[in-house]
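*Asks:*
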Amino acid sequence: MISMNGFSQEPAEILLAEQEAATSVFTSHYYVLGKQVTQFESEWADYSKAQYAVGVANGLDALEIILRTQGIGAGDQVITTPMTAVATILGIIRAGATPVLADIDPETALLDPASVERCINEKTRAIILVHLYGQVRNMAAWQKLCDSHGIALIEDCAQSHGAQENGVGCGSFGIAGAFSFYPTKNLGAIGDAGALVTNDSKIDQQARMLRNYGQVNRYEHLEIGMNSRLDELQAAILRVRLNWLDEFTARRKQIAARYQAEINNQWVKLLATPLSPEQHVYHLFVFTTPFREQLQKHLMDSGVETLIHYPISADQQVALSGIATDPQGLPNARGHADTCLSIPCHPQLTETELDHVIASVNSFSPTGS
Numbered sequence: 028m029i030s031m032n033g034f035s036q037e038p039a040e041i042l043l044a045e046q047e048a049a050t051s052v053f054t055s056h057y058y059v060l061g062k063q064v065t066q067f068e069s070e071w072a073d074y075s076k077a078q079y080a081v082g083v084a085n086g087l088d089a090l091e092i093i094l095r096t097q098g099i100g101a102g103d104q105v106i107t108t109p110m111t112a113v114a115t116i117l118g119i120i121r122a123g124a125t126p127v128l129a130d131i132d133p134e135t136a137l138l139d140p141a142s143v144e145r146c147i148n149e150k151t152r153a154i155i156l157v158h159l160y161g162q163v164r165n166m167a168a169w170q171k172l173c174d175s176h177g178i179a180l181i182e183d184c185a186q187s188h189g190a191q192e193n194g195v196g197c198g199s200f201g202i203a204g205a206f207s208f209y210p211t212k213n214l215g216a217i218g219d220a221g222a223l224v225t226n227d228s229k230i231d232q233q234a235r236m237l238r239n240y241g242q243v244n245r246y247e248h249l250e251i252g253m254n255s256r257l258d259e260l261q262a263a264i265l266r267v268r269l270n271w272l273d274e275f276t277a278r279r280k281q282i283a284a285r286y287q288a289e290i291n292n293q294w295v296k297l298l299a300t301p302l303s304p305e306q307h308v309y310h311l312f313v314f315t316t317p318f319r320e321q322l323q324k325h326l327m328d329s330g331v332e333t334l335i336h337y338p339i340s341a342d343q344q345v346a347l348s349g350i351a352t353d354p355q356g357l358p359n360a361r362g363h364a365d366t367c368l369s370i371p372c373h374p375q376l377t378e379t380e381l382d383h384v385i386a387s388v389n390s391f392s393p394t395g396s
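Anchor point for the sequence shown: position 161 equals 188 in my numbering, and the numbering is continuous, going up by one each time.
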């Protein structure tokens, strides 16, 4: 079976380096906010082309902390997309604010500016822009939109590690960006982990305080904070894996380029290609098809695993019943949720496996067509 991830095929040299890194943490006897976290924060800021990085427990906490540094809470509204992991929306709710969902552009599955404009009102404090599937796009337009309304631009970079536009790294277009290092991400830990990046020293300082009980000095607490410290062991693993991230991203781009050039099936519609290669890091390769269930079965029978990102738009989640949306509804997001399909795009995919995935997609024909 050609899997959706390459966990079982991780190179031996990386496994050995990870083991050595873990051992160094064990023998240091320093497990919380130690040298590994400090060094990873510096390395991740450099990699992300940001001035500061703050390690936290997960991507959800990173979003909540960013919102809290802006005093966003009760009575405020934050606009985001319904085509995202629910953590994006939970971050808004946990900060005490009200989420509002705008629709997506069906060509990219990214947030639609026209829909966002319809959602903005006097209570709107921020937009959380999700770089879905690994792509940043038209960031100057998003900056201009937020500036014109006097609202904050916050980036959800959970799927876009290393994506850039015009030399600016994702997370630095707005006031701050939130990253997840969940194991399946392009840069993944061996458990939950996250970070936020920013070019604002005040956000950096307050985020460090909020992640550690609101503590500015030991036993001196200025705010009601939280326990969201990046684990020392996870930081050590991330430092090792960061050494291979560029190589793995390049491979993802090679795979995506072949899919874009060679998938040719009238029942499959590819999403729009990025405007420049640096914009997309292909956390996922996604297309749409009106015959998803049949195509999934066809691919499974051919030995190709698939997944759906995401099968239920956020507005249809039971836990988010009654959530505010674009007054014109979310038809594009719902349509995407009903038809999107992800195929393998991990860096351990071999050329033989890639040939097989392409041939399997191209050979599909729906029953009764």
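Think of the CB as a built atom: it goes at the ideal place given N, C-alpha and C, for glycine as much as any other residue. These figures come from a predicted structure and were not determined experimentally.
Starting from the Cα of Lys-76, find the closest Cα among Glu-274, Asn-226, Ile-350, Leu-172 and give me that residue.
*Replies:* As a position in the sequence shown, residue 76 is number 49, starting the count at 1. Nearest option by C-alpha distance: Asn-226.
*Asks:* Rounded to the nearest angstrom, how far is the Cβ of Gly-86 from that of Ala-185, given a contact under 8 angstroms?
*Replies:* Within the sequence shown, numbered from 1, the residue matching residue 86 stands at position 59. Within the sequence shown, numbered from 1, the residue matching residue 185 stands at position 158. Right, their Cβ atoms sit about 5 angstroms apart.
*Asks:* What is the DSSP secondary structure of Thr-151, counted as helix, strand or coil?
*Replies:* Counting from 1 along the sequence shown, the entry for residue 151 is found at position 124. Reduced to three states, the DSSP call for Thr-151 is strand.
*Asks:* Indicate the three-state DSSP secondary structure (helix, strand or coil) for Glu-398 in the structure shown.
*Replies:* Nothing about residue 398 can be reported from this structure: the residues present for the chain run from 28 to 396 only.
*Asks:* Measuring CA to CA, which of Met-28, Met-31, Ser-30, Glu-70 is closest to Ile-264?
*Replies:* In the sequence shown, the residue the question calls residue 264 occupies position 237. The option with the nearest alpha carbon to Ile-264 is Glu-70.
*Asks:* In three-state terms, what does DSSP make of Val-59?
*Replies:* Within the sequence shown, residue 59 is the residue found at index 32, counting from 1. Val-59: strand per DSSP, three-state reduction.
*Asks:* Is the separation between the beta-carbon of Leu-128 and that of Ile-335 shorter than 9 angstroms?
*Replies:* Along the sequence shown, read from residue 1 onward, the residue named residue 128 stands at position 101. Along the sequence shown, read from residue 1 onward, the residue named residue 335 stands at position 308. It is not a contact, given that the beta carbons lie outside the stated cut-off.
*Asks:* Taking one C-beta from the region 325-340 and one from the region 282-302 each time, how about it: are there three or more such pairs within less than 8 angstroms?
*Replies:* Contact between the region 325-340 and the region 282-302 is absent, because fewer than three Cβ pairs lie under 8 angstroms.
*Asks:* Are the CB atoms of His-363 and Ile-131 within a distance shorter than 9 angstroms?
*Replies:* Numbered from 1 along the sequence shown, position 104 holds the residue referred to as residue 131. Numbered from 1 along the sequence shown, position 336 holds the residue referred to as residue 363. It is a contact, given that the beta carbons lie within the stated cut-off.
*Asks:* Between Gly-123, His-373, Ala-112, which has its C-alpha nearest Glu-274's C-alpha?
*Replies:* One-based indexing of the sequence shown puts residue 274 at position 247. It is His-373.
*Asks:* Give me, in chain order, the residues of the same chain whose beta-carbon lies closer than 8 angstroms to that of Arg-397; leave out the 5 immediate sequence neighbours on both sides.
*Replies:* Only positions 28 to 396 of the chain appear in the structure, and residue 397 is not among them; the question remains open.
*Asks:* Taking Cβ positions, are Asn-213 and His-310 nearer each other than 9 angstroms?
*Replies:* One-based indexing of the sequence shown puts residue 213 at position 186. One-based indexing of the sequence shown puts residue 310 at position 283. Taking 9 angstroms as the Cβ cut-off, Asn-213 and His-310 qualify as a contacting pair.
*Asks:* Using only the alpha-carbon positions, how far apart do Cys-197 and Ile-93 sit?
*Replies:* Start at 1 with the first residue of the sequence shown, and residue 197 comes out as number 170. Start at 1 with the first residue of the sequence shown, and residue 93 comes out as number 66. If I take the Cα positions, the gap works out to 15 angstroms.
*Asks:* Helix, strand or coil for Asn-292? Go by DSSP, reduced to three states.
*Replies:* Locating residue 292 in the sequence shown gives position 265, where the first residue counts as 1. Residue state, collapsed to three classes: coil.
*Asks:* Only counting runs of 4 or more residues, tell me where the alpha helix (DSSP H) segments fall wholly within the region 179-258, in order along the chain.
*Replies:* If we require 4 residues or more, the alpha helix (DSSP H) runs fully inside the region 179-258 come out as 228-238.
*Asks:* Shortest alpha-carbon distance to Thr-120 belongs to which of Asp-231, Gly-215, Asp-88?
*Replies:* To locate residue 120, count along the sequence shown from 1; it is residue 93. Rather than Thr, the amino acid found at residue 120 in this sequence is Ile. The candidate whose alpha carbon is nearest that of Ile-120 is Asp-88.
*Asks:* DSSP three-state call for Gln-343: helix, strand or coil?
*Replies:* For this step, residue 343 is matched to residue 316 along the sequence shown. Gln-343 falls in the helix class under three-state DSSP.
*Asks:* With DSSP as the reference, please indicate the residues paired to Ala-39 in a beta bridge.
*Replies:* Against the sequence shown, residue 39 aligns to sequence position 12. Per DSSP, none; premise fails for Ala-39.
*Asks:* Quick check: the Cα distance between Pro-109 and Asp-353, rounded to an integer number of angstroms?
*Replies:* Indexing the sequence shown from 1 puts residue 109 at position 82. Indexing the sequence shown from 1 puts residue 353 at position 326. Going by the C-alpha atoms only, they are around 10 angstroms apart.
*Asks:* Are the CB atoms of Val-157 and Thr-125 within a distance shorter than 9 angstroms?
*Replies:* Locating residue 125 in the sequence shown gives position 98, counting from the first residue. Locating residue 157 in the sequence shown gives position 130, counting from the first residue. Not a contact, by the Cβ cut-off of 9 angstroms.
*Asks:* On the three-state DSSP scale, how would you describe Val-163?
*Replies:* Reading the sequence shown from its first residue, position 136 is the one you call residue 163. Correct three-state label for Val-163: coil.
*Asks:* List, from N- to C-terminal side, the beta strand (DSSP E) runs of 3 residues or more that fit wholly inside the region 86-153.
*Replies:* Listed in chain order, they are 104-107, 125-128.
*Asks:* Going residue by residue through the region 295-333, where are the continuous beta strand (DSSP E) segments of at least 3 residues, counting only ones entirely within it?
*Replies:* Correct list: 312-315.
*Asks:* If you drop the 5 nearest sequence neighbours on each side, which residues of the same chain put their C-beta closer than 7 angstroms to that of Leu-249?
*Replies:* Counted from its first residue, the sequence shown places residue 249 at position 222. For Leu-249, where only same-chain residues beyond five positions count, the Cβ hits under 7 angstroms are Met-236, Gly-241, Val-243.
*Asks:* With H, G and I counted as helix, E and B as strand and the rest as coil, what does DSSP make of Ala-77?
*Replies:* As a position in the sequence shown, residue 77 is number 50, starting the count at 1. The answer is coil: DSSP assigns Ala-77 none of H, G, I, E or B.
*Asks:* In this structure, what does DSSP give as the bridge partners for Cys-367?
*Replies:* Here residue 367 refers to the residue found at position 340 when the sequence shown is read from its first residue. In DSSP, Cys-367 forms a bridge with Thr-315.
*Asks:* Output needed for Ala-122: all residues of its chain with C-beta closer than 7 angstroms, excluding positions within five of it in sequence on either side, in chain order.
*Replies:* Working through the sequence shown from its first residue, we reach residue 122 at position 95. Counting only Cβ-Cβ distances below 7 angstroms, and skipping sequence neighbours, we find Glu-91, Leu-94, Arg-95, Ile-99, Gly-100.
*Asks:* According to the Cβ coordinates, are Tyr-1 and Gly-201 closer than 9 angstroms?
*Replies:* One cannot answer for residue 1 here, as it falls past the ends of the chain, which runs 28 to 396.
*Asks:* Can Arg-361 and Ser-340 be called in contact, C-beta distance under 9 angstroms?
*Replies:* Taking the sequence shown and counting its residues from 1, one reaches residue 361 at position 334. Taking the sequence shown and counting its residues from 1, one reaches residue 340 at position 313. Closer than 9 angstroms, so yes.
*Asks:* DSSP state of Ala-44, grouped into three classes?
*Replies:* As a first step, residue 44 is located in the sequence shown; it is residue number 17 there, counting from the start. Reduced to three states, the DSSP call for Ala-44 is helix.
*Asks:* On the three-state DSSP scale, how would you describe Ala-283?
*Replies:* Position 256 of the sequence shown, counting from 1, holds the residue named residue 283. It is helical.
*Asks:* Could you tell me if Asp-174 is buried or exposed, where buried requires 16 or more neighbouring beta carbons within 10 angstroms of its beta carbon?
*Replies:* Looking up residue 174 in the sequence shown gives position 147. Exposed: under 16 other Cβ atoms inside 10 Å.
*Asks:* Taking the DSSP output, what are the residues bridged to Ile-29?
*Replies:* To locate residue 29, count along the sequence shown from 1; it is residue 2. DSSP output for Ile-29 lists Val-331 as bridge partner(s).
*Asks:* Consult DSSP for Leu-156 and reduce its assignment to one of helix, strand or coil.
*Replies:* Within the sequence shown, the letter at position 129 stands for residue 156. Strand at Leu-156.
*Asks:* Taking all protein chains shown into account, do 16 or more other C-beta atoms lie within 10 angstroms of the C-beta of Gln-293, making it buried, or fewer, making it exposed?
*Replies:* Counting from one through the sequence shown, the residue named residue 293 turns up at place 266. Gln-293 comes out exposed.
*Asks:* Whole angstroms is fine: what's the gap from Glu-144's alpha carbon to Leu-43's?
*Replies:* Here residue 144 corresponds to residue number 117 of the sequence shown, with the count starting at 1. Here residue 43 corresponds to residue number 16 of the sequence shown, with the count starting at 1. Cα-Cα distance, rounded: 50 angstroms.
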